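A.B. asks:
There are 2 protein chains.
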Amino acid sequence: MTGTVPVSSVLIVGTGLMGTSLGLALQARGVAIYLTDRDPTLARTAAELGAGTDQPPTEPVDLAVIAVPPTAVAAVLADLQGKQLAAAYTDLASTKAHIHAEVARLGADPASFVGGHPMAGRERSGPGSARGDLFEGRPWVLTPTGQTAPAALATVQAVVALTGATPYLMAPSEHDHAVAVVSHAPHLVAALVAARLADAEPAVLALAGPGVRDITRVAAGDPALWREILATNSPAVAAILAAVGADLAAVGAELANPGPVPPAALTATVDALTRGNRGVARIPGKHGTPPARYATVPVVLDDRPGQLAALFAAAGAAGINIEDVRIEHSPGQPVGLVELDVRPEAADPLAAALRAGGWIVHR
Amino acid sequence: MTGTVPVSSVLIVGTGLMGTSLGLALQARGVAIYLTDRDPTLARTAAELGAGTDQPPTEPVDLAVIAVPPTAVAAVLADLQGKQLAAAYTDLASTKAHIHAEVARLGADPASFVGGHPMAGRERSGPGSARGDLFEGRPWVLTPTGQTAPAALATVQAVVALTGATPYLMAPSEHDHAVAVVSHAPHLVAALVAARLADAEPAVLALAGPGVRDITRVAAGDPALWREILATNSPAVAAILAAVGADLAAVGAELANPGPVPPAALTATVDALTRGNRGVARIPGKHGTPPARYATVPVVLDDRPGQLAALFAAAGAAGINIEDVRIEHSPGQPVGLVELDVRPEAADPLAAALRAGGWIVHR
Numbered sequence: 011m012t013g014t015v016p017v018s019s020v021l022i023v024g025t026g027l028m029g030t031s032l033g034l035a036l037q038a039r040g041v042a043i044y045l046t047d048r049d050p051t052l053a054r055t056a057a058e059l060g061a062g063t064d065q066p067p068t069e070p071v072d073l074a075v076i077a078v079p080p081t082a083v084a085a086v087l088a089d090l091q092g093k094q095l096a097a098a099y100t101d102l103a104s105t106k107a108h109i110h111a112e113v114a115r116l117g118a119d120p121a122s123f124v125g126g127h128p129m130a131g132r133e134r135s136g137p138g139s140a141r142g143d144l145f146e147g148r149p150w151v152l153t154p155t156g157q158t159a160p161a162a163l164a165t166v167q168a169v170v171a172l173t174g175a176t177p178y179l180m181a182p183s184e185h186d187h188a189v190a191v192v193s194h195a196p197h198l199v200a201a202l203v204a205a206r207l208a209d210a211e212p213a214v215l216a217l218a219g220p221g222v223r224d225i226t227r228v229a230a231g232d233p234a235l236w237r238e239i240l241a242t243n244s245p246a247v248a249a250i251l252a253a254v255g256a257d258l259a260a261v262g263a264e265l266a267n268p269g270p271v272p273p274a275a276l277t278a279t280v281d282a283l284t285r286g287n288r289g290v291a292r293i294p295g296k297h298g299t300p301p302a303r304y305a306t307v308p309v310v311l312d313d314r315p316g317q318l319a320a321l322f323a324a325a326g327a328a329g330i331n332i333e334d335v336r337i338e339h340s341p342g343q344p345v346g347l348v349e350l351d352v353r354p355e356a357a358d359p360l361a362a363a364l365r366a367g368g369w370i371v372h373r
Numbered sequence: 011m012t013g014t015v016p017v018s019s020v021l022i023v024g025t026g027l028m029g030t031s032l033g034l035a036l037q038a039r040g041v042a043i044y045l046t047d048r049d050p051t052l053a054r055t056a057a058e059l060g061a062g063t064d065q066p067p068t069e070p071v072d073l074a075v076i077a078v079p080p081t082a083v084a085a086v087l088a089d090l091q092g093k094q095l096a097a098a099y100t101d102l103a104s105t106k107a108h109i110h111a112e113v114a115r116l117g118a119d120p121a122s123f124v125g126g127h128p129m130a131g132r133e134r135s136g137p138g139s140a141r142g143d144l145f146e147g148r149p150w151v152l153t154p155t156g157q158t159a160p161a162a163l164a165t166v167q168a169v170v171a172l173t174g175a176t177p178y179l180m181a182p183s184e185h186d187h188a189v190a191v192v193s194h195a196p197h198l199v200a201a202l203v204a205a206r207l208a209d210a211e212p213a214v215l216a217l218a219g220p221g222v223r224d225i226t227r228v229a230a231g232d233p234a235l236w237r238e239i240l241a242t243n244s245p246a247v248a249a250i251l252a253a254v255g256a257d258l259a260a261v262g263a264e265l266a267n268p269g270p271v272p273p274a275a276l277t278a279t280v281d282a283l284t285r286g287n288r289g290v291a292r293i294p295g296k297h298g299t300p301p302a303r304y305a306t307v308p309v310v311l312d313d314r315p316g317q318l319a320a321l322f323a324a325a326g327a328a329g330i331n332i333e334d335v336r337i338e339h340s341p342g343q344p345v346g347l348v349e350l351d352v353r354p355e356a357a358d359p360l361a362a363a364l365r366a367g368g369w370i371v372h373r
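Protein sequences appear in the order of chains Y and R. Each residue of the first sequence is one higher than the one before, counting from 11 in the numbering used here. Each residue of the second sequence is one higher than the one before, counting from 11 in the numbering used here.
1) Can we say the segment 136-145 of chain Y touches the segment 114-124 of chain Y, given the rule of at least three CB pairs closer than 8 Å?
2) Measuring only the C-alpha atoms, how far is W369 (chain Y) from I293 (chain Y)?
3) What residue does the alpha helix (DSSP H) around W369 (chain R) start on, and which one ends it?
4) Between which two residues does the beta strand (DSSP E) holding I43 (chain R) run?
5) Any idea which residues DSSP pairs T81 (chain R) with across the strands?
6) Rounding to the nearest angstrom, what Cα-Cα distance links L198 (chain R) and P137 (chain R) in this structure?
7) Between which two residues does the beta strand (DSSP E) carrying L21 (chain Y) extend?
8) Using a Cβ-Cβ distance cut-off of 8 Å, determine whether M129 (chain Y) contacts chain R.
9) Please identify the residue among R:P212, R:V170 and R:L215 whose C-alpha is closest to the C-alpha of L73 (chain R).
10) Tell me the rounded alpha-carbon separation between L102 (chain R) and T68 (chain R).
11) If you run the structure through DSSP and keep just helix, strand and coil, what is A357 (chain R)?
12) State the CB to CB distance for the pair T226 (chain R) and A204 (chain R), rounded to an integer number of angstroms; the pair is presumed to be in contact (CB under 8 Å).
13) Hey, would you say the C-beta of L364 (chain Y) is under 7 Å away from at least one heavy atom of the ligand NAD?
14) Identify the contact partners of I43 (chain Y) in chain R, using a Cβ-Cβ distance below 7 Å as the criterion.
15) Chain R partners of I332 (chain Y), CB-CB under 7 Å?
16) For the alpha helix (DSSP H) containing H197 (chain Y), name the first residue and the last one.
17) What residues from the segment 219-230 of chain R come within 9 Å of chain Y, judged by C-beta to C-beta, listed N to C?
18) Which value, in whole angstroms, describes the spacing of the CA atoms of A260 (chain Y) and N243 (chain R)?
19) Among R:A195, R:A175 and R:H110, which residue has its Cα nearest to the Cα of T155 (chain R)?
20) Taking G131 (chain R) as the reference, which of R:V228, R:P272 and R:A325 has the closest Cα?
21) Taking buried to mean at least 16 other C-beta atoms within 10 Å of its own C-beta, is D186 (chain R) buried or exposed?
22) Check this for me: beta carbons of Y44 (chain Y) and L59 (chain Y), under 8 Å apart or not?
23) Taking 8 Å as the cut-off, decide whether the C-beta atoms of A361 (chain Y) and V371 (chain Y) are in contact.
24) So what's G342 (chain Y) in DSSP terms, helix, strand or just coil?
25) Following the continuous alpha helix (DSSP H) through I239 (chain R), name the residue where it begins and the one where it ends.
26) Can you tell me whether T30 (chain Y) is helix, strand or coil according to DSSP?
27) Identify each residue in the segment 155-178 of chain Y for which the Cβ-Cβ distance to at least one residue of chain R is less than 8 Å, and report them in chain order.
28) Determine the extent of the beta strand (DSSP E) in which T153 (chain Y) is found, giving its start and end residues.
29) By alpha-carbon positions, which one of Y:V290, Y:A175 and Y:T105 ends up nearest to G221 (chain R)?
30) Near V247 (chain Y), which residues of its chain fall below 8 Å by C-beta distance, leaving aside the five closest residues on each side in sequence?
31) Which residues in chain R sit within 7 Å of W369 (chain Y), going by Cβ to Cβ distance?
32) Exposed or buried, G40 (chain Y), counting other C-beta atoms within 10 Å across all chains shown (16 or more means buried)?
33) Who are the near neighbours of V83 (chain R) in its chain, counting only those whose CB is closer than 6 Å to its CB and skipping five residues on each side?
34) DSSP on E87 (chain R), reduced to helix/strand/coil?
35) With H, G and I counted as helix, E and B as strand and the rest as coil, what does DSSP make of V15 (chain R)?
36) How many Å lie between D224 (chain R) and L235 (chain R) at the Cα?
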């Protein structure tokens, strides 16, 4: 279960959600974890949660993980390197080019530092929200440069492997562009959609369905953290926002009319919707394949204890693996709809098995 | 199981997803359903799926439901009224003020017509995607006006009740503003985010996580249908887009800099993120209450048959009702994480029961 090089001790600087989650993950794999935070009560909390000890290490550790906000990473790195606290260093921040530039500007050692960014997180923050499985199955980008020592990279790769994450090696600027596209700009735009609901009438909000709920879910994220992320990736995010803004202006211009417009006049709108179709189809699904790989079996059930258990027991008895499941929200109604995603060849057998058991299946 | 007035026969004009789903729902409640479509093969398909008969009614029906694209509703209404095919009429289109205006313009009878819009739908279309439970627990807006005959409204309300939907009475323009806020503008903005992925490098897409997946899910919708919806609700949608565009421009101006910007300079960005927090907190959750009402119990499980069944059986054996469930996507990994949402007081007992059964619970 260990990586290619042995890692026995890790210092984690910053015990928020990410640092504490990493401590939980590595501690469970037998690595000695030392926790520290600018706020000692947070390090104490993380230690009490089982993420490691909040006592300092007595000798240099194999790796120091800098789990602080993006703008503080380089200064913390320089400080730790000055104290020779670790053989190698990495960070967990969501932006990378800015940090590599700061490392150079502060004269920190670029050889022992490997930039890192696990693509994991939660809408909640703080050590109390940490989870040891936070990184399992998630991409974890590493940004070695021409100055990176191979031994430092090997140590960081071993730690990533211990968490169950999948490492991706990228240039810092390549990483920053990628996360601007798939994370930072989408987050910001989702927040702008959610902002329209901040002052909406209750009668308007009563009509909210699963669509707007999905679109705005991430907008519950911490504005202070996102301010840091956006500030340190501003050029890449601004480029995506400009492209979205240009599309928005073109669509808005077609729709901005005192009355209804002829559908045939909406060429820019249809173009944007069509590109949206193409884009969503290109997002890799579970197991790295498109969502279309699965077939959906919708089942009606009452909202009372035991119904889901009985449903999944019936699927299990039929020997069918459920790949994904969605429970559709039904405001004010006791009846729910569960959508079971299965491999296409399993859909008809599952529907037949459930119907035979008395379930209402819509397929 | 019937509404306040008896409804024994319904004519459905247009057998796409919505019309066919309504046929399935009403047929199951004992209503005689007559199906017709401009394309007779679609009506035949809907009939074969059990949504009714594709033969014409021999006498006037209680209600004719016009399930055609928004721009065609008023003309179809005038035609049906001219043939005296029904005692009352309604439609299912996503926009309403435009239709009431067209009804007046064409000289159709406003007394027997009640505008309607069930807040239900799918990313897929056509009779083959129809489901009899599509409307269960969903809001269904009705837009009676001062000209509407009470008997027509009562008939439509009875049909809505038969589907399990919850009726909301609103003015047409009030409806159009509400759906622009919670559906039409969010859909368009989600499509613009998804459009950024249409030409993205595979390495960029590999970093896509649950956030962008949720944000862009609706962008798989049919551009031709959305063109009609947006065209007939253009003033209301344009107003929301203008507000989003103004926010986007303010945020973009703060971020548009050749290098990183000081976080403290991002005042408009933080304001938008904070309003986004407020907005997402105001969306009603299941049972009309905020999502924060539930506590989450995360459980790790292997991606093989029977695991979910065993998990839900364990929850059921503990007498605990699962309110919602999410399976987190783990590209290329055999380990999955299931998040079970339960009432707060049930979270600790559930975690204890699962742990006692050998499950890995992160709580």
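The C-beta atom is built at its ideal place from N, Cα and C for all residues, glycine as well. The structure displayed is predicted, hence computed values, not measured ones.
C.D. replies: Taking the structure as given:
1) no
2) 33 Å
3) Boundaries cannot be given for W369 (chain R), as no alpha helix (DSSP H) includes it and DSSP labels it neither H nor E.
4) A42 to T46
5) T81 (chain R) is not bridged to any residue.
6) 25 Å
7) S19 to V23
8) yes
9) Cα-wise, what sits closest to L73 (chain R) is R:V170.
10) 24 Å
11) helix
12) Confirmed, about 4 Å.
13) By its list of ligands, the structure shown contains no ligand whatsoever, and the ligand NAD lies outside what it can speak to.
14) What I43 (chain Y) touches in chain R: nothing, since even the nearest Cβ is about 17 Å away.
15) L318
16) In this chain, the alpha helix (DSSP H) harbouring H197 (chain Y) covers A195 to A205.
17) G219, P220, G221, V222, R223, D224, I225, T226, R227, V228, A229 and A230
18) Here the alpha carbons of N243 (chain R) and A260 (chain Y) stand approximately 17 Å from one another.
19) R:H110
20) R:V228
21) buried
22) no
23) yes
24) Bear in mind that the predicted position of G342 (chain Y) carries a pLDDT of just 39, short of 50, making it unreliable; the figure below should be weighed with that in mind. Three-state DSSP puts G342 (chain Y) in coil, outside helix and strand.
25) P233 to T242
26) helix
27) G174, T176 and Y178
28) Its beta strand (DSSP E) spans residues P149 to T153.
29) By alpha-carbon distance to G221 (chain R), the top candidate from Y:V290, Y:A175 and Y:T105 is Y:V290.
30) Residues of the same chain with a CB within less than 8 Å of the CB of V247 (chain Y), apart from the 5 flanking positions on each side, are A190, H194, A195, L198 and L240 in chain order.
31) Under the 7 Å cutoff, chain R gives no residues; its nearest Cβ is about 12 Å from W369 (chain Y).
32) exposed
33) I76, D101, A103 and I109
34) According to the sequence provided, residue 87 (chain R) is Leu. The question's Glu does not apply to it. Correct three-state label for L87 (chain R): helix.
35) coil
36) 21 Å
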